[in-house]
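A short worksheet on the structure shown next.
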Amino acid sequence: MAKKKAMKEEGVSFEARLGRIEEIVERLESGEAGLDESLRLYAEGAELIKACRATLAEAEKRISKLSETAGGDLKEEPFEPEDEEEK
Amino acid sequence: MPPFDASLIPEPQDEGPETVWELTRRIQATLEDGFPQVWVVGEISNYKRHTSGHVFFTLKDERASLRCIIWKSTAERLRHEIRDGLEVEAKGRLSVFEKAGNYQLYVSSVKPRGVGALEVAFRRLKEKLEKEGLFDPARKRALPRFPRRVGIVTSPTGAAVRDIIHVLARRWPAVEIVLAPALVQGPGAAAEIVRGIRWLNRLRSIDVIIIGRGGGSLEDLWPFNEESVARAVYASDVPVVSAVGHETDFSISDFVADVRAPTPSAAAEIVVPDAREVLAALRAQDRRMARHVQHRLERLGDRLTLAARSRFFVHPEELALARAQELEDLAGRLRAAARESAAERRLRLERAAAHLAEHAPRIRWQAAQGAIRMALYRLRAAGRTLLVHHWRARVDGFAQRLADLDPDRVLGRGYSRTVLERTGATLTRAADARPGDTLRTHLAEGALASRVEEAGKQRMSNVEPVFVPSGLRRATQGTAKDEAKNAKAQRRKDAAGPPQRTLFE
């Protein structure tokens, strides 16, 4: 249960979620799962797909530029590429 | 002035002077024969590219100059940019431009003077690093399928960074981009590229790095051929994609990197997947799952419907009847057996048969109840859908109807059941009883034993016959007085009779 819950959270990678969805579909299609288990798996699969879709729908661009501080630490600042001025 | 070789000159056909054309042609022949392949170094001046596509310039040194021409097709294929002031090496053949009366070099190839040295250096470094194993395919790592953070080492200005960011954002909007700015040509560029790779590794959050720049000359691209950059790429823990110049440019960093991309935009396409494709795949998975579960539910629904249609759900009373049938067969066989044996055994068997027959309704009832319970259990086991509620309702309805059929209920309303002890059968016709027969009457509570005095075909009174009047006159309509009398007589009789134990417990 704890593992399944964690799948919906931010920390879990997109790839891990896709992998779990794959597992679920295979289990469902194998026909071995009883009706109760099938319904639970379907619900879990639907949640995971929803989370993946949310990731894909994120439109916010996050671009930063690196530089080094005087103390030797790395710092990230927002960065916008220049528009095409001359060709 | 070199000595003039008269043997080269074709013989004039006739006396007198030749035309300018004829003379020029002879000069041309001389030049072409004498200078078939030329390799010359000089400085470019008067560089001009015609609208026709042909290129014209003059190669000169301090004391002489040579006109040059590059045909359009050759000019397009030039690998190096040339311009006024540049010192270049040119190869080609000499010929005469008759109209102007001058000679020209038809250039087949030209390149800046220093490039030769660069190319040699390139080859040498490539061999050295290859021998050391920096290009080993086995050490190249696979790129992550869904990188969360992409690092770029390139100039913060210019087309390359713009193109990379544009393509990344288009394909996988959720990706985070971190730029490590660096010069990408000239002195100091190699050091900044190395620094950029190291910084991105230090962050520990970068999944893949792109290093690169747009197109340019060999000198422009040179920083990506430096040994320091090659070693930094090799040492990077994060996989590196090298995207330097145009598709035909190959840099040392391309060979060391985990993946070479022909252009910066191509690098962005390699590094992230297309969200649209992934979305389509997800949709397909979703459909597969839903289809499957839907199919399962439908099949279970079908099984439920089939089970519900079985005869015993539709007519549960038939189940009871079937059981009753079996019981009566059994009772009959017992009776038959009883008739053949010794008297005592016969009596015992008869009693047993009677017992069975008396209890048959209850057993019938219990069997029916059992069937209902089994049916309900099977319903539950078959699945939880709306269908279940519906069938449960129907079955409950039947249960109710069966309950109504329960013989005991009927008794509760005042009816009684009389059994003829002699045969063991329930009495429905008075004619079946003979005077002297013992009767057992089952009431809602308890039973009575009585003896027949008189048995007639018709009903004795309008009220339900609870007892057979003992010897009293037949009453066609019962009066209250008569009823009281009968009741009194019956009570006397009961009191007088031997105590009877009820078989009905």
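Heads up: the sequence lines are chains A and B, in that order. So in my numbering, the last spot in the first sequence is 88, and the numbers never skip. So in my numbering, the last spot in the second sequence is 545, and the numbers never skip. Glycine included, every Cβ here is placed at the ideal spot set by N, Cα and C.
Terminal residues of the alpha helix (DSSP H) in which residue i lies
| i | result |
| --- | --- |
| valine 234(B) | 229-243 |
| phenylalanine 295(B) | 292-296 |
| alanine 161(B) | 155-172 |
| threonine 303(B) | Note, threonine 303(B): premise wrong, no alpha helix (DSSP H); not H, not E. |
| tryptophan 61(B) | 60-74 |
| phenylalanine 186(B) | Counting along the chain, phenylalanine 186(B) falls outside any alpha helix (DSSP H), and DSSP gives it neither H nor E. |
| leucine 176(B) | Residue identity differs from the one stated: residue 176(B) is aspartate in this sequence, not leucine. Looking at the DSSP string, aspartate 176(B) is not in any alpha helix (DSSP H), and its letter there is neither H nor E. |
| aspartate 84(A) | Segment: none, aspartate 84(A) is in no alpha helix (DSSP H) and carries neither H nor E. |
| valine 26(A) | 15-31 |
| glycine 46(A) | 36-58 |
| aspartate 472(B) | Segment: none, aspartate 472(B) is in no alpha helix (DSSP H) and carries neither H nor E. |
| arginine 117(B) | Element bounds for arginine 117(B): n/a, residue is neither H nor E. |
| aspartate 260(B) | 258-261 |
| alanine 272(B) | 267-275 |
DSSP beta-bridge partners of residue i
| i | result |
| --- | --- |
| isoleucine 122(B) | DSSP, once it has assigned bridges, lists no residue as partnering isoleucine 122(B). |
| alanine 559(B) | Residue 559(B) is absent from the structure shown; chain B starts at 41 and stops at 545. |
| glutamine 144(B) | Arg107(B) and Ser135(B) |
| arginine 480(B) | Val459(B) and Ala489(B) |
| leucine 67(A) | Glu77(A) |
| proline 221(B) | Thr194(B) |
| lysine 88(B) | Phe96(B) |
| valine 299(B) | Val281(B) |
| threonine 288(B) | None, per the DSSP bridge assignment. |
| threonine 466(B) | Val459(B) |
Span of the beta strand (DSSP E) around residue i
| i | result |
| --- | --- |
| proline 79(A) | 75-79 |
| glycine 252(B) | 248-253 |
| glycine 191(B) | 189-194 |
| valine 318(B) | Premise fails: valine 318(B) lies in the alpha helix (DSSP H), 315-349, not in any beta strand (DSSP E). |
| serine 282(B) | 280-284 |
| valine 95(B) | 95-100 |
Option nearest residue i by Cα separation, candidates the options
| i | options | result |
| --- | --- | --- |
| proline 313(B) | Leu208(B), Leu488(B), Tyr146(B) and Val155(B) | Leu208(B) |
| lysine 546(B) | Phe75(B), Arg89(B) and Ile205(B) | Residue 546(B) lies beyond the residue range present for chain B, which begins at 41 and ends at 545; the question has no answer from this structure. |
| alanine 470(B) | Ala275(B), Glu493(B), Ala484(B) and Arg164(B) | Glu493(B) |
| serine 325(B) | Lys66(A), Val13(A), Ile25(A) and Ser68(A) | The sequence shown places glutamine at residue 325(B), rather than the serine named in the question. Out of Lys66(A), Val13(A), Ile25(A) and Ser68(A), Ile25(A) has the C-alpha closest to the C-alpha of glutamine 325(B). |
| leucine 243(B) | Glu366(B), Arg413(B), Gly191(B) and Leu71(B) | Gly191(B) |
| tryptophan 79(B) | Tyr87(B), Leu99(B), Phe186(B) and Ser85(B) | Leu99(B) |
| alanine 34(A) | Leu337(B), Arg474(B) and Leu483(B) | Leu337(B) |
| glycine 454(B) | Asp477(B), Ala364(B), Ala484(B) and Ala157(B) | Ala484(B) |
| histidine 94(B) | Arg103(B), Ala104(B), Val284(B) and Cys108(B) | Cys108(B) |
| isoleucine 251(B) | Pro196(B), Glu259(B), Arg103(B) and Ser257(B) | Pro196(B) |
| glutamate 232(B) | Glu127(B), Arg363(B), Thr70(B) and Thr194(B) | Thr194(B) |
| isoleucine 19(B) | Val13(A), Glu61(A), Gly20(A) and Gly72(A) | The shown model of chain B, from 41 to 545, leaves out residue 19(B), and the question about it has no answer. |
| alanine 47(A) | Ala347(B), Leu374(B), Gly452(B) and Arg328(B) | Arg328(B) |
| glutamine 409(B) | Ala360(B), Leu396(B) and Gln365(B) | Ala360(B) |
| threonine 70(B) | Ala376(B), Val136(B) and Asp298(B) | Val136(B) |
| histidine 332(B) | Ile22(A), Tyr43(A) and Ala17(A) | Tyr43(A) |
| valine 81(B) | Ser105(B), Ile237(B) and Ala301(B) | Ser105(B) |
| phenylalanine 290(B) | Ala315(B), Glu309(B), Leu258(B) and Asp124(B) | Leu258(B) |
| glycine 156(B) | Pro184(B), Leu134(B), Ala362(B) and Glu127(B) | Glu127(B) |
| glutamate 167(B) | Ile292(B), Glu138(B) and Ser245(B) | Ile292(B) |
| valine 273(B) | Ser490(B), Glu368(B), Gly236(B) and His120(B) | Gly236(B) |
| arginine 179(B) | Ile84(B), Gly198(B), Phe295(B) and Arg103(B) | Phe295(B) |
| asparagine 86(B) | Glu55(B), Leu240(B) and Gly125(B) | Gly125(B) |
| glutamine 77(B) | Thr59(B), Asp477(B) and Arg133(B) | Arg133(B) |
Cβ-heavy atom distance, residue i to the ligand PLP, below 7 Å
| i | result |
| --- | --- |
| leucine 243(B) | As presented, the structure is devoid of all ligands, the ligand PLP included, so that no description of it is given. |
- Message: Under 8 Å, with one C-beta from each stretch per pair, do the region 166-178 of chain B and the region 129-145 of chain B reach the 3-pair mark?
- Response: With the cut-off at 8 Å, the region 166-178 of chain B and the region 129-145 of chain B do not touch.
- Item | Complete alpha helix (DSSP H) runs within the region 194-219 of chain B (minimum length 4 residues, chain order) | You should have 199-211.
- Kindly confirm or deny that the region 114-134 of chain B and the region 148-161 of chain B touch, where touching means at least three C-beta pairs closer than 8 Å. Yes, they touch.
- Item | Cβ contact (3+ pairs, closer than 8 Å) linking the region 52-68 of chain A and the region 307-322 of chain B | The region 52-68 of chain A, when compared against the region 307-322 of chain B, does touch it at the 8 Å Cβ threshold.
- Indicate whether the contact test is met: 3 or more Cβ pairs, each with one atom in the region 257-266 of chain B and one in the region 217-228 of chain B, closer than 8 Å. A contact exists between the region 257-266 of chain B and the region 217-228 of chain B.
- Assess, as a yes-or-no matter, whether the region 368-378 of chain B is touched by the region 69-84 of chain A under the definition of 3 or more beta carbon pairs within less than 8 Å. Counting Cβ pairs under 8 Å, fewer than three are found: no touch.
- Message: Counting beta carbon pairs with one atom in the region 63-73 of chain A and one in the region 362-372 of chain B, are three or more of them shorter than 8 Å?
- Response: Taking one beta carbon from each stretch, the region 362-372 of chain B and the region 63-73 of chain A have fewer than 3 pairs nearer than 8 Å; the two do not touch.
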